[in-house]
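Take our numbering: the last position of the sequence shown gets the number 992, and nothing is skipped along the way.
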Amino acid sequence: MKINILYLTALIILITSCKNEEKDTIPSDETVMEDVDAPVEKSKKSKKITDRDYSITKSEAYNDMFLDSIAMEQYIVNRKLQGKKIAQRIRSFYNARNYQYAWFSGSGLTEQTRFFWNQYDYAVTHLKDTTIANSEFYKQAESYLNMEQMKPGSNDPIVLNTEFGFTEHFIRYINSTYEKGFVKRKEQEKFIPIRKTDPLIMADSLLTKKHKDDRYYEDVNEMYGSLKKNLQLYYDLVKSGGWNNIPSIKGSLKKGDVSPAIPLIKKRLQLTLDMPGADTSSLYNDTLELAVKKFQRRHGYKDDGVIGNETIKEMNIPASKRLMQILINMDRMRWLPQKPAGNLIIVNIPEFMLHVYDGSKILFDMVVVVGKVGNNTMMFNGDLNQIYFSPYWNVPASIIKNEILPAMKRDPGYLARKNMEQIGNGIRQKPGPGNALGKVKFIFPNSFNMYFHDTPSKSLFERDKRAFSHGCIRLSDPQKMAEWLLRNESEWNKEKIISAMNQKAEKGVRLKQAVPVFIIYYTAWVDDKGQLNFRDDVYQHDADLVKKMFTEIPSL
């Protein structure tokens, strides 16, 4: 299922006449993005800083770590930002949060940090935005981003310096990216949630507040706007009590069947606009079949129209959970990258799909298998620059320890049977049939040892839920990917690629032009057909955010 192209891109469209009208109707300090390195105008000093919000306590704060304002002031001095508008922006940012951390939490980097880094790194590396480049900060940030796990200390000077560095470069990035007036100071301060909120109150404020801070999203981020259009329906459903649970059934239901469960299923599908009309009969008719198929597609299942308990389980997910899912993913869509220039590869983990783009045009989609729970595929970005045909599989140390060494103790001939060999202290599997990486792998260098690859286990691609790997991403059609990546290199035609994929010796190829890769995590979005999609929270990222973003919905 294709994700809307604006899933990738934050389009910035501003007509000069409209811009002039805004200047007449909205105060200039709220609409004009200033040069953040310009000196502060004394007469406007107070207007540029949000008052510190002392009402935010640790129990209701989004983050579990707080910092000292003295450390922030020292950063400003060390970076020689005193007297500049960016210093005021940094102070305002932390005042709004009552000096919570924004980019680190007690469990490591926040999700927003990785989403922001995708944007920042892409702008610096691929869009060559030298106005925000800072090699010292880049190295410092990368050292933390490359850690799978960490426990930062709130008073650690390196953590503090990196925290403030993220904030400074976030402000610089926004100023460098968006046209004047579209991202106001107070909007910047809300890009990372500040305090736990009742989801109904949050939704209501987004839907009804006049001159709301988030208004600009509908103008510059169509994917955000499309998801927000579905917010009203789910807000109304939750306010009215949601939907009733459908009891489990024996076996399955298909067109032509009669069952007492069918009226409940019809009512459920009518509430979410999957099924038109008000039919309440017990017959599984043509209209219901179309509605069931639509529901199945929207939730990542094969649209066979057969209702089993898995489909009913999906229908029984409460409206309140779906409302929070929409709000969480609207928040994620704040971090859409800039309009891409050239080729781009996106993998959405919960969707189990890969999407290839040329600028704003989608070229093709591909089914993928991602890491199973416990071997999570990481969210990050990289540059695909190498292909290895008929590859060796250099077995990760964790797999050697947990799987191969025990197998060798049980079976002394294990390595030979698996076409493996010991190299020093390591173990690798030779190219050939049965190789865990299949016939080709695609490298985008990173510290997580993650890459795309073929697999001999083709049957897994037929499943609806595809989290089975040790963390790398398996491609359903790796030959197609290889042909696309090498399409402009005359020496690599289809026949040569097929031949290279079936050798007993590894062959590496470095691409003349690297292709950026984004690994992201969306569990709700609107696709290019205008349909609202939901997916399972494979790695419990949504569950973690629910605890941080929301208070419980009171009984209705």
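Heads up, the beta-carbon is just placed ideally off N, CA and C, and yes, glycines get one too.
When secondary structure is reduced to three states using DSSP, S491 falls in the coil class, being assigned neither helix nor strand. The DSSP-derived three-state label of L968 is strand. The stretch 735-770 contains, as complete alpha helix (DSSP H) runs of 4+ residues, the segments 745-751 and 755-768 (chain order). Taking a C-beta distance under 8 angstroms as the contact criterion, L820 and V951 qualify as a contact pair. Rounded to whole angstroms, the separation of the alpha carbons of G860 and Q732 is 50 angstroms. Bounds of any alpha helix (DSSP H) do not take in W539, whose DSSP letter is neither H nor E. The beta carbon of V803 is closer than 6 angstroms to those of F897 and S912 in its chain, skipping five residues each way along the sequence.
Annotation: V513 to S895 spans about 59 angstroms, alpha carbon to alpha carbon.
Ranked by how close their Cα comes to the Cα of L726, the residues M711, H735, M789 and S684 have M711 in first place. Within the model, the alpha-carbon separation for Y498 versus Y958 is close to 20 angstroms. The residue from K521, N582 and E604 with its alpha-carbon nearest to that of G818 is N582.
Shown here for V792: same chain residues with a beta carbon closer than 6 angstroms to its own, the five before and five after excluded, namely I781, L799 and F800 in chain order.
Judged by DSSP in its simplified three-state form, T633 adopts strand.
Per DSSP, the unbroken alpha helix (DSSP H) holding G601 starts and ends at P593 to T613. By the C-beta criterion, the stretch 934-948 is judged to be in contact with the stretch 823-833, since at least 3 inter-stretch pairs fall below 8 angstroms.
In the DSSP assignment, I823 is bridged to F878 and V945. C-alpha of F954 to C-alpha of F878: approximately 14 angstroms in a straight line. Counting every other CB atom within 10 Å of its CB across the protein chains shown gives Q524 a total of 16 or more, marking it as buried.
Between the stretch 964-974 and the stretch 850-864, the count of C-beta pairs closer than 8 angstroms stays below three; the two stretches do not touch. For the options S718, K622 and S541, the alpha carbon positioned closest to that of S590 is the one of S541.
For Q858, the pairing in a beta bridge is given by DSSP as I863. Look at G713 here: in three-state DSSP terms it is coil, with no helix or strand label.
Remark: C-beta atoms of I682 and L700 approach each other more closely than 8 angstroms.
Remark: three or more beta-carbon pairs, one from each stretch, lie closer than 8 angstroms, so the stretch 622-640 and the stretch 528-548 are flagged as touching. In this structure, the straight-line span from the alpha carbon of I836 to that of V809 is close to 19 angstroms.
Cβ-Cβ separation between S688 and G736: approximately 18 angstroms, too far for a contact (criterion under 8 angstroms). Taking a 10 Å sphere around the C-beta of V560, we find 16 or more other C-beta atoms and assign the residue as buried. L873 sits buried, since 16 or more C-beta atoms from the chains shown fall within 10 Å of its C-beta. Where D801 is concerned, the enclosing beta strand (DSSP E) starts and stops at K797 to G807.
The Cβ atoms of L503 and A639 lie no closer than 8 angstroms to each other.
By the Cβ neighbour-count rule, K521 is buried, with 16 or more other Cβ atoms within 10 Å of its own. Minimum Cα-Cα distance from R910 among the listed residues P475, L841, I840 and T891 corresponds to T891. Taking every protein chain shown into account, the CB of Y887 has 16 or more other CB atoms within 10 angstroms, so this residue is buried. DSSP places K520 in the strand class (E or B) of the three-state scheme. F529 is the residue among S495, F529, M508 and Y574 whose C-alpha sits nearest the C-alpha of R488.
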